[in-house]
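Chains as they are written, first to last, in this note's numbering: chain A, 1 to 382; chain B, 383 to 764; chain C, 765 to 1146. Just below is one structure, and these are the notes that go with it.
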Amino acid sequence: MNRLHNGDFLLTWEHDVATLRAVLDTAEALEDLARAGLSCRVFETGLGLSIFRDHSTRTRYAFRSGCNLLGLMTEELDESTSQIAHGETVRETATMVGFLTEVIGIRDDMFLGEGDRYQREVATALEEGHKAGVLAQRPAVINLQSDLDHPTQSMADLMHLASLFGGLDNLKGKKLAMSWAHSPSYGKPLSVPQGVVTLMTRFGMNVVLAHPPGYGLVEETLETARRFAAESGGSFTVVDSMAEAFQDADAVYPKSWAPVMVMLERTRLLRAGETDKLKELEREALATNARFLDWECNDALMARTRGGKAAYLHCLPADVTDVSCSAGEVSAAVFERSRLDTYREAGHKPFIVAALILLTRFADPTEVVNRLAKAARPRRAG
Amino acid sequence: MNRLHNGDFLLTWEHDVATLRAVLDTAEALEDLARAGLSCRVFETGLGLSIFRDHSTRTRYAFRSGCNLLGLMTEELDESTSQIAHGETVRETATMVGFLTEVIGIRDDMFLGEGDRYQREVATALEEGHKAGVLAQRPAVINLQSDLDHPTQSMADLMHLASLFGGLDNLKGKKLAMSWAHSPSYGKPLSVPQGVVTLMTRFGMNVVLAHPPGYGLVEETLETARRFAAESGGSFTVVDSMAEAFQDADAVYPKSWAPVMVMLERTRLLRAGETDKLKELEREALATNARFLDWECNDALMARTRGGKAAYLHCLPADVTDVSCSAGEVSAAVFERSRLDTYREAGHKPFIVAALILLTRFADPTEVVNRLAKAARPRRAG
Amino acid sequence: MNRLHNGDFLLTWEHDVATLRAVLDTAEALEDLARAGLSCRVFETGLGLSIFRDHSTRTRYAFRSGCNLLGLMTEELDESTSQIAHGETVRETATMVGFLTEVIGIRDDMFLGEGDRYQREVATALEEGHKAGVLAQRPAVINLQSDLDHPTQSMADLMHLASLFGGLDNLKGKKLAMSWAHSPSYGKPLSVPQGVVTLMTRFGMNVVLAHPPGYGLVEETLETARRFAAESGGSFTVVDSMAEAFQDADAVYPKSWAPVMVMLERTRLLRAGETDKLKELEREALATNARFLDWECNDALMARTRGGKAAYLHCLPADVTDVSCSAGEVSAAVFERSRLDTYREAGHKPFIVAALILLTRFADPTEVVNRLAKAARPRRAG
C-alpha cells in the first residue's frame, strides 16, 4: 500500500521505512528509465509550483526537472523572502494557486521555528479547500528545505550511500560521521545535518554527530535520531571532535551550519527589523566560527577513516579551502578526489523529487513505472 | 458563429451577449472536464505570453494555469512597470514576441487612460505583422486588467453568480450592490467595479453602484452600464450610501477603489517623475479615504440584504478588518462566512482564461470541447 | 554526416560551410512546417536552460520559442550579471543544471575577453561530467551572444539575405556594407558586426566594414573574415567612410558598437569595482561617439547603394533618429521603409535556435524533419 498517496512529504521521520524504501525504489526506476532515454511522462498537463523563500539554484533545478520529467509545467510563486506571512494570507494564496496544481514545492529555511510551520499552514489550507470542494484535487506539498529537514537532499544522500555500498541493506553497521566544519559564512540552515542524522539512523548505520560546543541541532531531531538508532540496531552518538567522529568512519559529511541560538536570535531580529543588531550578530557569529578553523576535512583527518578511504559526502556547494575561500569545510585535495562523486550524489535529487510526485499523486506508482518501462517510448522522438 | 475567432478580448462591452454566453459555456465545459480529471490539451506546442505591468499573483496564476490546461507553455515578458512605452517600442516588441505565440495576456492597470490604449497598440502591431505575413499567425490579446475593465475577473464573477442563482437566466431581476468600501491603501484600480457594472447590467440585474462623493467611475463605463440596463430590462442606479445599496440586495460586492481624479493625477506625476508630489498625493488620498471608515461591509449592513443573506462577492485579496488591517472593506465575521465562496468565485478564472483562448484560436470551440469530452483522455496517465 | 551532433555551437567560424548550410536548411524546413500549422514536437520532455548575463527580450524569446517548438520546457538560471564567475563555481553549476537538460543557451556579452571563455568553461564541465557518467547525456551549449560572436543573429541575417536574393548561392558577388553608425549610448557589444563579417565572407559576398578610427573589431575576427573571403572568392575590406561602404552596396547593416579599448577598459573597471571611473569612461565614450553624428543611414546615403535600393538590415532594436533618440543609427524614413523587413529578419531566429537544437541532439536531423513533414500533425488539435 502506498501511504504517500494524496499526502505531503515534509519530514522523513513522519513516514515509515517502507515508504522511504518505496521512494528510493521509484527514484531508481525513474533514473534508469531516464538514463535509457525513455519517456517518464505521466501528465498530459498540470502544474508544479515552487515557492522559494530563500535563494536556490540546485534545488530549484532539481524540482523543475523532476516536474518536467513527468510532464508538469513549472511555475514560481514570487513571495517576498523577508516576509513571514501567516494566517489568511497563506490560506488564501495557497488556495488561489492550487486549482490546477499537482504539487507545491516549498523552500523556507531562513527562520528557525517558521519554515516547517509555514509548510503545514499551506498543506492545511489545501486540505480545507479540497474538502470543501473548492479544489478539485489536493496538491501535494513537498518540502524543498525547511528549518527542520531537507528531505530531497537527505534522500538523495541515502540513495548515493546505497549505491556506494551496494544497496540499502549494506548500510547496516557502517559508520557515518556527520560533522560540523568551518566556513567563513554564518546562518547556514541546520536542516541538512538534521535530515542526515534522522534518516541514516533508520537504516542501521552508526551515526556520529560531531560539532564544537554551542553548535548542537534542534533537540527534537536529536531525540528522533536516538530513537531510530535504537529501533534499527544502529547507533547515534554526539561528540565534540571531528577527529573522533572520523575514526574508522565509512563515510564522512563535513558541513558548516549555524548555532541554534544564532538562528533563533536572527529570526527575532529579522522580524523586528533590527538591521544594526543583525550586523552585530553576524560579526559575533563569524568570530565564534573563526575559533574552529581547524574543523576542516583534510588528508590528515581522512587518514583516520576506514582504510583512509571513507566516502566524502556534501550537499554542494562546498566551501573549499584555497578554492572558494581561504579556510573552508574541506581541503582542495580531499574535495577534488571526491568531486565527481558529489556530483553523482546531487544527480539523484531530480529523481527523488519525481518519485515523491509519483507517490503522492498515484495510488499505485509501481504499476505506473512498470507501464512506462513496458511502453519504452523514447524521450526524443521524431 | 464564433465572433471571437482570430480576435482579442479587451472589454466585455465590445462583445455581444451571445459571445459572452459562449465564453461562459466553454469555461463551464472545461471546468467540468478538468474536475473529472480529463485532459483539455489542444496544443502540441505553442506559447502563452504574459506582460504584467503591475504585481500579480492570482491573475498570473490564472493565466498560466489556463494556458497550461490547453497545452501552452507560458513565458513572461519582463517590461519595466514604471515605464509608459508607446510607438515603435511597443510595435516592435509585440512583433518580436509574436512569432510562435498563441495568446498574449496583458495587465496594465496602473495608469488611467493608458492601460487599454497600450493593449490596443499591441493588438494593432500584431494585426499589421500578420497582414504583412511577418507573423504566420495572429496571437490573441487578452486583457488581464486594464484601466477600464478586468474581464477575466468579471466573467468569473458572473459565472459564480450564475452558479449561486441557478443559471444565467435567473439573474434577471436580482439586485447587485457594487459598493465602494474603505481600505487603508490608495490607488486601487477602477477596473473591477467598472467591469462588474458594465457586465451584470447585461443580464437583467438591478445593479446599484454606491460610493462616497468623488469616488465615481470613468464616465464611459457608467454610460455603458445605463445603456445595457435599458436593453436588458434591468436597471442601473448610483447612490452615495452603502446602506441604501445593500437594501434587499441579493448579492453585494464591497470593494475599495481610488477616485478618478487621484488616478489621473498619479499618472501625471509618475510620468513627470515627481516623487515628492506623489507622496503628498498618497497622504491626501489616504486622508480622504479615512473620512469613510464606516463604509465597511459588516453584519449590521448584511442584515439589510434580502433575508439577511445576500451573497458576498470579492475579487480577493480583501482588506478584512482586524485580520489584514484595522479598518477594512469587510468585517471578519462577514468575510469568514463567505470565505470559501470567494475562493470558488476565484476558481473560475483559470477556466475563463482557457475559454477565451479556445474561442479566439478555434473557429468551432464547441466541436473542440465535444471532441475532448468524447476522447476522455485522463490528465494523469501512466 | 551531421558534425554538430553531440557538439556545441559557439562561433560560426569553428564550423564548416556544409554544417552552416545544414543549419539553414533545417531552420527553413522547421519554419515551413510551423507556418503550415504543423507540429515540430520531437521531445516528450526535457529542458532548455538559458543563462542571460545581460538583459534580453528578443533573443530570450527566440530561445524559448525555439525550445518550445520542439517540446522542451525552458528554465532560466538566475546568475548575477555583475559577477565574473570561473573555476569550480562554473564547473559545479554547469553539472548541477545538466542532469535532464538538452540544451543550454548562454548570453554573456558584457565583458570583452570573458563571454566566449565562460561558454567554453561550461561546455568543458559538461563534457567532463558526461565522460565520467555523471550526466547521462551531454547538453549542447548554444551561444546566444558572446563577446566574439552572435551566431543565432548572424545566421538569421544570412537566412534573410538568402531569402531576399533568391538563395544562398546568389549571395556570391553581392556587396554588403557592415557599417558603424552613431548611437547616443555606449558599450554596445562587438559581436554583431564580428558575427556578420565572419559569416557573410564565407558565401562569396564582398563585405566592406566601415567605422570611424578607433572603432575596429577584435583582430581575430578580422583575420578570420579575410581568410574566408579569400577562400570563398568574395572580398573583405575595411574603410573609414560610411559613404564609401554604401557605394553600390546590395545590402547595408548600419549599427552602433563600442571601441575595443573602451570595452576592455570597462571590463577592467567593472572587475575592480571602480564606479567613479566607469562614469568617466561613459562620459568620454559618449563624447567620442558624438564626433561621428553624421554616421547615420539616411536617404542621401541610401541613394549611393545599387539602384538606391540596398536591403537594410538590423538586429533590432535600432536607434532611429527622431523616433527613439535625437541622432541615431538610421533616419526615420529609411527605417520605416524597411521596418517590416527587419521584423522578417528577426523572425528567423526562433527557427535558427530550433535547428541548432535539432542538429546538436539528433544524429540524422534530416530524417527527423522528413518524419515531421510526413506525420503532418496539426499543432492545434482538439
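Just so you know, even glycine gets a beta-carbon here, dropped at the ideal spot from N, CA and C.
* Alpha-carbon spacing of C/Arg824 relative to B/Leu553, whole angstroms -> Here residue 824 of chain C corresponds to residue number 60 of the third sequence, with the count starting at 1. Here residue 553 of chain B corresponds to residue number 171 of the second sequence, with the count starting at 1. Approximately 47 Å, taken between the alpha carbons.
* Taking Cβ to Cβ, would you say C/Gln909 is nearer than 8 Å to C/Leu774? -> Walking along the third sequence from the start, residue 909 of chain C turns up at place 145. Walking along the third sequence from the start, residue 774 of chain C turns up at place 10. No.
* Asked: Where C/Val1003 and C/Val806 are concerned, what is the direct C-alpha to C-alpha distance, given to the nearest angstrom?
  -> Here residue 1003 of chain C refers to the residue found at position 239 of the third sequence. Here residue 806 of chain C refers to the residue found at position 42 of the third sequence. Distance between the alpha carbons of C/Val1003 and C/Val806 is about 47 Å.
* **Residues from the region 494–524 of chain B in contact with chain C, defined by Cβ distance under 9 Å** => Glu510, Gly511, Ala514, Gly515, Val516, Leu517, Ala518, Gln519
* **Chain-order list of residues whose beta-carbon lies under 6 Å from that of B/Gly728 (same chain, five-residue window excluded)** => Translated into positions along the second sequence, residue 728 of chain B becomes position 346. Correcting the residue identity first, residue 728 of chain B is Ala in this sequence and not Gly. Same-chain partners within the cutoff: Leu698.
* Asked: Is any heavy atom in the ligand NAP found nearer than 7 Å to the beta carbon of A/Asp25?
  -> The ligand NAP is not among the ligands present in this structure, which contains no ligands whatsoever.
* **C-alpha distance - A/Thr366 paired with A/Glu102, whole-angstrom precision** => For this step, residue 366 of chain A is matched to residue 366 along the first sequence. For this step, residue 102 of chain A is matched to residue 102 along the first sequence. Distance between the alpha carbons of A/Thr366 and A/Glu102 is about 19 Å.
* Determine the extent of the beta strand (DSSP E) in which B/Asn588 is found, giving its start and end residues. => If you number the second sequence from 1, residue 588 of chain B lands on position 206. Unbroken beta strand (DSSP E) run through B/Asn588: 588–592.
* To do: For the region 152–167 of chain A and the region 265–285 of chain A, state whether three or more C-beta atom pairs, one from each stretch, are separated by less than 8 Å.
  => no
* Jot down the residue ranges of each uninterrupted alpha helix (DSSP H) in the region 974–1033 of chain C, minimum 4 residues, whole runs only, in chain order. => The region 974–1033 of chain C contains these whole alpha helix (DSSP H) runs: 983–996, 1006–1010.
* To do: Give a yes or no on whether 8 Å exceeds the smallest Cβ distance from A/Arg283 to chain C.
  => As a first step, residue 283 of chain A is located in the first sequence; it is residue number 283 there, counting from the start. Under the Cβ criterion of 8 Å, A/Arg283 is not counted among the residues facing chain C.
* Mind checking which residues open and close the alpha helix (DSSP H) that includes A/Met159? => Counting from one through the first sequence, the residue named residue 159 of chain A turns up at place 159. Run containing A/Met159: 151–164, per the alpha helix (DSSP H) assignment.
* Closer than 7 Å at the beta carbon, the chain C residues around A/Met159 -> The residue labelled residue 159 of chain A in the question sits at position 159 within the first sequence. Per Cβ cutoff of 7 Å: no residues; A/Met159 is ~13 Å from chain C at best.
* Measuring only between beta-carbons, confirm whether B/Gly586 sits less than 8 Å from chain C. => One-based indexing of the second sequence puts residue 586 of chain B at position 204. Not an interface residue.
* Comparing alpha-carbon positions, which option in C/Ala800, C/Ser1020, C/Arg1108 lies nearest C/Arg1141? -> For this step, residue 1141 of chain C is matched to residue 377 along the third sequence. Taking only the C-alpha atoms, the option nearest C/Arg1141 is C/Ala800.
* Inter-residue spacing [alpha-carbon to alpha-carbon] between A/Thr305 and A/Val192 -> Taking the first sequence and counting its residues from 1, one reaches residue 305 of chain A at position 305. Taking the first sequence and counting its residues from 1, one reaches residue 192 of chain A at position 192. Cα to Cα, the separation comes out at about 22 Å.
* **Any C-beta of chain C under 8 Å from that of A/Pro254** => Position 254 of the first sequence holds residue 254 of chain A. Output row for A/Pro254: interface = no.
* What are the residues that DSSP puts in a beta bridge with C/Val905? -> Counting from one through the third sequence, the residue named residue 905 of chain C turns up at place 141. Answer is C/Ile868, bridged to C/Val905.
* Report the option in C/Gly862, C/Ala1009, C/Val1016 whose CA atom is closest to the CA atom of C/Ala1075. => Locating residue 1075 of chain C in the third sequence gives position 311, where the first residue counts as 1. When only C-alpha atoms are compared, the closest one is C/Val1016.
* Taking only the alpha-carbon atoms, compute the straight-line gap between B/Thr619 and B/Lys513 and give it to the nearest angstrom. => The residue labelled residue 619 of chain B in the question sits at position 237 within the second sequence. The residue labelled residue 513 of chain B in the question sits at position 131 within the second sequence. Distance between the alpha carbons of B/Thr619 and B/Lys513 is about 44 Å.
* Element boundaries [alpha helix (DSSP H), containing C/Ala1137] -> By 1-based counting over the third sequence, the position of residue 1137 of chain C is 373. Counting along the chain, the alpha helix (DSSP H) containing C/Ala1137 begins and ends at 1129–1139.
* Please compile the residues from chain A whose C-beta is within a distance smaller than 7 Å of the C-beta of C/Arg1125. => The sequence position of residue 1125 of chain C within the third sequence is 361, counting from 1. In chain order: Arg380.
* Residues near A/Thr201 in its chain [Cβ-Cβ closer than 6 Å; skip 5 each side] -> Residue numbering aside, residue 201 of chain A sits at position 201 when the first sequence is read from its first letter. Excluding residues within five positions, the ones whose Cβ falls inside 6 Å are Val207, Ala225, Phe228, Ala229, Gly234, Phe236.
* Which residue spans inside the region 768–826 of chain C form an unbroken alpha helix (DSSP H) run of at least 4? -> 781–799
* Who does C/Leu940 pair with in a DSSP beta bridge? -> Locating residue 940 of chain C in the third sequence gives position 176, where the first residue counts as 1. DSSP lists C/Val971, C/Ala1015 as partners of C/Leu940.
* Going by C-alpha distance, which of A/Val17, A/Leu47, A/Ile51, A/Phe63 is nearest A/His348? -> The residue you call residue 348 of chain A lines up with position 348 of the first sequence. Here the closest residue by C-alpha is A/Phe63.
* C/Asp1014 to C/Met942, Cα distance in whole Å? -> Taking the first residue of the third sequence as 1, we reach residue 1014 of chain C at position 250. Taking the first residue of the third sequence as 1, we reach residue 942 of chain C at position 178. Roughly 11 Å separates the two Cα atoms.
* Asked: Under 8 Å Cβ-Cβ, which residues of chain A neighbour C/Met1154?
  -> What the structure shows of chain C is the stretch from 765 to 1146, and residue 1154 of chain C is not part of that stretch, so it cannot be assessed.
* Reference B/Arg719, options B/Val702, B/Pro732, B/Phe733, closest by Cα -> The residue you call residue 719 of chain B lines up with position 337 of the second sequence. When C-alpha distances from B/Arg719 are compared across B/Val702, B/Pro732, B/Phe733, the shortest belongs to B/Val702.
* To do: Would you list the residues sitting across from B/Met455 in a DSSP beta bridge?
  => As a position in the second sequence, residue 455 of chain B is number 73, starting the count at 1. Answer is B/Leu429.
* To do: Output the distance between the C-alpha atoms of A/Val368 and A/Thr26, rounded to the nearest integer angstrom.
  => By 1-based counting over the first sequence, the position of residue 368 of chain A is 368. By 1-based counting over the first sequence, the position of residue 26 of chain A is 26. Their Cα atoms are separated by approximately 10 Å.
* Helix or strand or just coil, what does DSSP make of C/Val854? -> Mapped onto the third sequence, residue 854 of chain C falls at position 90. Residue state, collapsed to three classes: helix.
* Asked: Under a Cβ-count criterion, where at least 16 other Cβ atoms within 10 Å of its own Cβ denotes burial, should A/Glu65 be classed as buried or exposed?
  -> Against the first sequence, residue 65 of chain A aligns to sequence position 65. As written in the sequence, residue 65 of chain A is Ser, which differs from the Glu given in the question. Buried, by the Cβ-count rule.
* **Local conformation of C/Thr845 per DSSP, three classes** => Within the third sequence, residue 845 of chain C is the residue found at index 81, counting from 1. Note that C/Thr845 has pLDDT 42, beneath the 50 cutoff, so the model's placement of it is unreliable and no number is given.
* Asked: Would you say the region 475–490 of chain B touches the region 828–842 of chain C, given that touching needs at least three Cβ pairs under 8 Å?
  -> Judged by Cβ distances under 8 Å, the region 475–490 of chain B makes contact with the region 828–842 of chain C, as three or more pairs qualify.
* Compare the C-alpha of A/Asn6 against each of A/Asp294, A/Arg371, A/Asp364, A/Arg380 and name the closest. => Numbered from 1 along the first sequence, position 6 holds the residue referred to as residue 6 of chain A. Measuring from the Cα of A/Asn6, the nearest candidate turns out to be A/Asp364.
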